[in-house]
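First comes the structure, then the notes that go with it.
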Amino acid sequence: MSTNDEDRPLQDSDTHAPGVRSVRRAVEILNLLSEDRPVVTLREVTEATGLAKTTALRLVQTLEETGLLGSHPAGYTAGPALWRWAYLAQSQWEVPQETRKVMRDLADRLGETVNLFVARGVHRICVAHEESPHPLRHVVDVGDEQPLWAGASSKILLRDAPDPFLRRVATTSPQGEPLTDRLRTWAAEAAERGYAVSSSEFDEGLTAVAVPITGRTGKVAASLSLSGPTHRFPYESIERFATELAQGARLISDQGFSHPLGNAG
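Heads up: the sequence shown is residues 1 to 265, going by the UniProt record's numbering.
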């Protein structure tokens, strides 16, 4: 029996087409690269992906030939083709400087990290952030995906969601479809109060406050959130944070905010 990785059973999310399977595995390799790990070795590729060495080498060589990877004395790094794609993504997806200025002003004034999320499918994606000036702060990288079933920003992004979508989000959570009722309650509370709060829903000791940014139709286009260590979010400060965020969100909404990764609203 062949032990080649191509003969391994596919996961449910895979397709039976070998060509598509190879593409998925090539993407897995590219996803190993990050700011914290700009260079990967062949050994790291095989350990992280579970690919056989011969399969990993063949995929790495193909990625190098197409410019998606580049050779490096210590292994492999991002190639020139990735740089072109990154430049394209930045030019299309980077939020306007006016929006970033509003976020920076909020982060400086309130002393915590400010994030901008849009909903895409059953996830939310961070499309901009301005970090807290404190050494101990919450950090979410631009491009990070988080599920929509928890978190202050998720509650805001689900404000206008229909029941079928709430059920779809719930099925992706550890609780499954029974979470639908709670998501419905969270969405209603966010609509009534105009803001949402979460504490330790994703990360222990982390609190966030979020408000909506609305699009042309008045629907939620994005969430603007403030996040940081829970001890710096006393109960009596939550409404003040929400009020300050709401003022910033109105400025961004008035700028005509929309983002290609999310719902324009």
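Think of the CB as a built atom: it goes at the ideal place given N, C-alpha and C, for glycine as much as any other residue. Predicted model, so just to flag it, every value in this text is computed and none were measured.
For Gly121, there is no enclosing alpha helix (DSSP H), as DSSP gives it neither H nor E. Collapsing the DSSP output to three states places Ser227 in a strand. When the five nearest sequence neighbours on each side are left out, the beta carbons in the same chain lying within less than 8 Å of the beta carbon of Leu166 are those of Leu158, Thr180, Leu183, Arg184, Ala187, in order along the chain. Counting only residues of its own chain and dropping the five nearest sequence neighbours on each side, Ala208 has a CB closer than 6 Å to the CB of Ala152, Ser198, Ser225, Ser227. From the listed residues Ala190, Thr49, Pro164, the smallest Cα separation to Pro178 is found for Pro164. Exclusion of the five residues before and after Leu32 leaves Val40, Ala48 as the residues of its chain whose Cβ lies within less than 6 Å of its Cβ.
Across the set Val169, Trp85, Glu189, Glu192, the C-alpha of Trp85 shows the shortest separation from the C-alpha of Gly67. Gly75 sits in a strand when the DSSP states are folded into three classes.
Ile213 is bridged by DSSP to Ala222. Under DSSP, the beta-bridge partners assigned to His129 are Asn115. Less than 7 Å separates the beta-carbon of Val127 from that of His259. By the neighbour-count criterion, in which a residue is buried when 16 or more other Cβ atoms sit within 10 angstroms of its Cβ, His231 is exposed.
Contact fails between the segment 90–100 and the segment 188–197, because fewer than three Cβ pairs, one in each stretch, are under 8 Å apart.
Here Leu69 has Leu63, Tyr76, Gly79 as same chain residues with Cβ atoms under 6 Å from its own Cβ, once five neighbours each way along the sequence are excluded. In terms of Cα proximity to Thr217, the closest of Ser253, Ile238, Ala190 is Ser253.
The alpha-carbon of Ser200 is positioned some 14 Å away from that of Gln146. By the neighbour-count definition (other C-beta atoms within 10 Å, threshold 16), Ala74 is an exposed residue. In the DSSP annotation of this structure, Pro96 is not part of any alpha helix (DSSP H), being labelled neither H nor E. Cα atoms of Phe241 and Leu51: separation of roughly 48 Å, rounded to the nearest angstrom.
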